[in-house]
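Asks: Following my numbering, the numbering of the sequence shown begins with -3 at its first residue and continues without gaps.
Ideal Cβ placement from N, Cα and C applies to all residues, glycine included.
From a predicted model like this one, the values you see are computed outputs, not experimental measurements.
Right, I'll just put the structure down here and ask away after.
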Amino acid sequence: MFRTKEEITKIFRENGLLVNGEITLNKDKLRKNVIDNLIRTAVFTQDSEIKNYCYFLIRKFANMMGVISSSIHDLYIAKGRGEALEFTVPAINIRCLTYDFARRIFKVALKKNVGAMIFEIAKSEIEYTFQRPIEYISCVLAAAIKEGYEGAVFVQGDHFQFSSKNYFSNQELELENIKNITKEAIEAGFYNIDIDPSTLVDYTKPTLIEQQYHNYINTAKMTDFIRSIQPDGINISVGAEIGHIGGKNSTVEEFEAFMGGFLSNLKSNPGISKISVQTGTAHGGIPLPDGRVASVKLDFNVLDSIGKCAREKYHIAGAVQHGASTLPDELFNNFPKHKTAEIHLATGFQNIMFDYAPEEFREYNFKFIEDNFKSEWKENMTREQFIYKTRKKVFGPLKEKWWNLSESDKNRILDALEAKIEFLFSQLNVFETKSYIDKYINLVKVEYKNNIVLNNKNVDFRSLKFEEGAD
């Protein structure tokens, strides 16, 4: 890990990355001798100046190498025209080992010529994994550099979700909170944002338009806000949601009510590029008393009907499936068949991490949960259910311990993750999709301004209450 700017300068000179005071590209030396230490320093140094300098350098090298953080908006508008419907874009939430896991994803992408894939992190995950947007995107871009992947890289803010409790206590303050995390993400280079006020839908109201009111009005406000701060030359892909995941299944009528209200209140252009719906799944799956995940009845008719309406009437990509990563393997090849625009995958990867971690280390994580989050252990929960629901919260406070696993232990986890990624990419039909990205996505280089205020305060992880908000 680098300790000072002078040390970075010395290493850069030795590797031909700094010549006559100018940063210069030497791909081989950057990948072999520098990028690993650069990203580790960015993640773990306590010196905010060095941390920010590393973020700046990673973005600088990414742009020089043609690793460009991009918006997937234009591909999704093509889907809205009836093009590129034969594949479903996977959106992958990485909660831990972000750099290493992203490397394996890019490795599969290079082997199978995949371009249609999204790296994402939810608002709730940002908090409990201790990964601010600039750290997350830096890990992803550094992984692309390390593996030699070039072209558009899609990084997404997932479930930038309104808290119903906070919103109905102070609507303007909660809207401002969502604007703040959105602005932070966009400044970091996230050019895909999923706004989620679906938590504000009120099914006690007599009409669909009244039920969806707080959802569509805030989605319109947030879309206008995003358009007002997006970089020149980029239309950020904005996603909306009509059915809170884990609730009742969505209908075409609800979607049309939402879109009518949304479009009548939208002041900017373009609008959203996709719509997330509820089909019968739940975030993270539903743990049974023995720790297994309950099977779900997923209604593909929801994806068919709302997706068709979205494309034909509103000319957007179609429906998005959340809460999918713990579904049975045999279901995944159905999503392209039903023209699903995008699918979100998270908890299944987390499960692999725990399943393949050394037993002693796994139990250390579980003991940490029992010691520090006991207040969340409800009376009707078995130990297995409590651990399953809460174990994701170790990824922040124990982040460095996961990064510092031995190479053999880490590779056992990463090999399993890589195999799962390749399987999912095959089922979602995204092999050979790089040509679609080259066709539809215009690469726009945006420099990291190196002026984001970094929050280096120690976080009391015990105060992070369990929240939904990622698969």
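Between the C-alpha atoms of residue 262 and residue 63, what's the straight-line distance to the nearest angstrom?
Replies: Your numbering for residue 262 matches position 266 in the sequence shown. Your numbering for residue 63 matches position 67 in the sequence shown. About 33 Å.
Asks: Quick check on DSSP: helix, strand or coil for residue 381?
Replies: As a working mapping, residue 381 is identified with position 385 in the sequence shown. In the structure shown, residue 381 sits in a helix (DSSP, three-state: H, G or I).
Asks: What three-state label does DSSP hand residue 428 in the structure shown?
Replies: Translated into positions along the sequence shown, residue 428 becomes position 432. Three-state result, residue 428: coil.
Asks: With H, G and I counted as helix, E and B as strand and the rest as coil, what does DSSP make of residue 220?
Replies: Reading the sequence shown from its first residue, position 224 is the one you call residue 220. It is helical.
Asks: Quick check: the Cα distance between residue 130 and residue 185, rounded to an integer number of angstroms?
Replies: Against the sequence shown, residue 130 aligns to sequence position 134. Against the sequence shown, residue 185 aligns to sequence position 189. The straight-line gap from Cα to Cα measures roughly 8 Å.
Asks: So, using beta-carbon positions, are residue 220 and residue 260 closer together than 8 Å?
Replies: Here residue 220 refers to the residue found at position 224 when the sequence shown is read from its first residue. Here residue 260 refers to the residue found at position 264 when the sequence shown is read from its first residue. Going by C-beta atoms, residue 220 is not nearer than 8 Å to residue 260.
Asks: In chain order, which alpha helix (DSSP H) runs of at least 4 residues are fully inside the stretch 149 to 195?
Replies: Here the runs fully enclosed are 160 to 165, 167 to 184.
Asks: Distance, Cα to Cα, residue 77 vs residue 145?
Replies: As a first step, residue 77 must be located in the sequence shown, where it is residue number 81. As a first step, residue 145 must be located in the sequence shown, where it is residue number 149. Roughly 29 Å separates the two Cα atoms.
Asks: When DSSP labels each residue in this structure, what does residue 122 get in the three-state scheme?
Replies: Here residue 122 refers to the residue found at position 126 when the sequence shown is read from its first residue. Residue 122: helix per DSSP, three-state reduction.
Asks: Give me the Cα-Cα distance between residue 212 and residue 248, rounded to the nearest whole angstrom.
Replies: Stepping through the sequence shown from its first residue, residue 212 is reached at position 216. Stepping through the sequence shown from its first residue, residue 248 is reached at position 252. Near 15 Å, if we compare the C-alpha coordinates of residue 248 and residue 212.
Asks: Can you find the residues in the same chain that come closer than 6 Å, C-beta to C-beta, to residue 399, ignoring five residues on each side of it along the sequence?
Replies: In the sequence shown, the residue the question calls residue 399 occupies position 403. Answer for residue 399: no residue qualifies.
Asks: Please name the residue, chosen from 230, 215, 80, 273, that lies closest to residue 256 on a Cα-to-Cα basis.
Replies: For this step, residue 256 is matched to residue 260 along the sequence shown. For the residues 230, 215, 80, 273, the minimum Cα distance to residue 256 belongs to 215.
Asks: If you draw a straight line from the alpha carbon of residue 276 to that of residue 323, how long is it in whole angstroms?
Replies: Against the sequence shown, residue 276 aligns to sequence position 280. Against the sequence shown, residue 323 aligns to sequence position 327. Roughly 11 Å separates the two Cα atoms.
Asks: Buried or exposed: which applies to residue 96, given that a residue is buried once 16 or more other Cβ atoms fall within 10 Å of its Cβ?
Replies: Within the sequence shown, residue 96 is the residue found at index 100, counting from 1. Per the 10 Å Cβ criterion, buried.
Asks: May I have the straight-line CA-CA distance separating residue 35 from residue 47, to the nearest angstrom?
Replies: Start at 1 with the first residue of the sequence shown, and residue 35 comes out as number 39. Start at 1 with the first residue of the sequence shown, and residue 47 comes out as number 51. Taking the straight line from one Cα to the other gives about 9 Å.
Asks: Return helix, strand or coil for residue 35, following the three-state DSSP convention.
Replies: On the sequence shown, position 39 is the one that residue 35 refers to. Of the three classes helix, strand and coil, the one that applies to residue 35 here is helix, per DSSP.
Asks: Would residue 434 be called buried (16 or more neighbouring beta carbons within 10 Å of its own) or exposed?
Replies: Reading the sequence shown from its first residue, position 438 is the one you call residue 434. Per the 10 Å Cβ criterion, exposed.
Asks: Using the C-alpha atoms, what's the distance from residue 189 back to residue 330?
Replies: If you number the sequence shown from 1, residue 330 lands on position 334. If you number the sequence shown from 1, residue 189 lands on position 193. The alpha-carbon atoms of residue 330 and residue 189 are separated by roughly 26 Å.
Asks: Might you give, ordered along the chain, the residues of its own chain that have their beta carbon closer than 6 Å to the beta carbon of residue 394, omitting 5 neighbours on each side?
Replies: Here residue 394 refers to the residue found at position 398 when the sequence shown is read from its first residue. Excluding sequence neighbours, residue 394 sits near nothing in its chain.
Asks: Within its chain, find whatever has a CB closer than 7 Å to the CB of residue 328; leave out the 5 residues flanking it on each side and keep chain order.
Replies: The residue given as residue 328 occupies position 332 in the sequence shown. Closer than 7 Å at the Cβ level, and outside the excluded window around residue 328, lie 420, 423, 424.
Asks: Rounding to the nearest angstrom, what Cα-Cα distance links residue 201 and residue 270 in this structure?
Replies: One-based indexing of the sequence shown puts residue 201 at position 205. One-based indexing of the sequence shown puts residue 270 at position 274. Going by the C-alpha atoms only, they are around 25 Å apart.
Asks: Could you work out which residue in 223, 209, 105 is closest to residue 250 when comparing CA atoms only?
Replies: The count along the sequence shown starts at 1 and reaches residue 250 at position 254. Of 223, 209, 105, the residue nearest in Cα terms is 209.
Asks: As a quick exercise: from 43, 195, -2, 432, pick the residue whose alpha carbon is nearest that of residue 160.
Replies: The residue labelled residue 160 in the question sits at position 164 within the sequence shown. Closest option to residue 160, Cα to Cα, is 195.
Asks: Please confirm whether residue 137 and residue 54 have their CB atoms less than 8 Å apart.
Replies: Counted from its first residue, the sequence shown places residue 137 at position 141. Counted from its first residue, the sequence shown places residue 54 at position 58. Going by C-beta atoms, residue 137 is nearer than 8 Å to residue 54.
Asks: Kindly indicate the opening and closing residues of the alpha helix (DSSP H) around residue 390.
Replies: Indexing the sequence shown from 1 puts residue 390 at position 394. Here residue 390 belongs to no alpha helix (DSSP H), and DSSP marks it neither H nor E.
Asks: Indicate whether residue 508 and residue 67 have their beta-carbon atoms separated by less than 8 Å.
Replies: Absent from the structure is residue 508, since the part of the chain shown begins at -3 and ends at 467.
Asks: Per DSSP, which one or two residues make a beta bridge with residue 315?
Replies: Here residue 315 is taken as the residue at index 319 of the sequence shown, counted from 1. Note: residue 315 sits in a beta bridge opposite 271.
Asks: I'd like the span of the alpha helix (DSSP H) that includes residue 59, first residue to last.
Replies: Here residue 59 corresponds to residue number 63 of the sequence shown, with the count starting at 1. From DSSP, the alpha helix (DSSP H) with residue 59 extends over 44 to 61.
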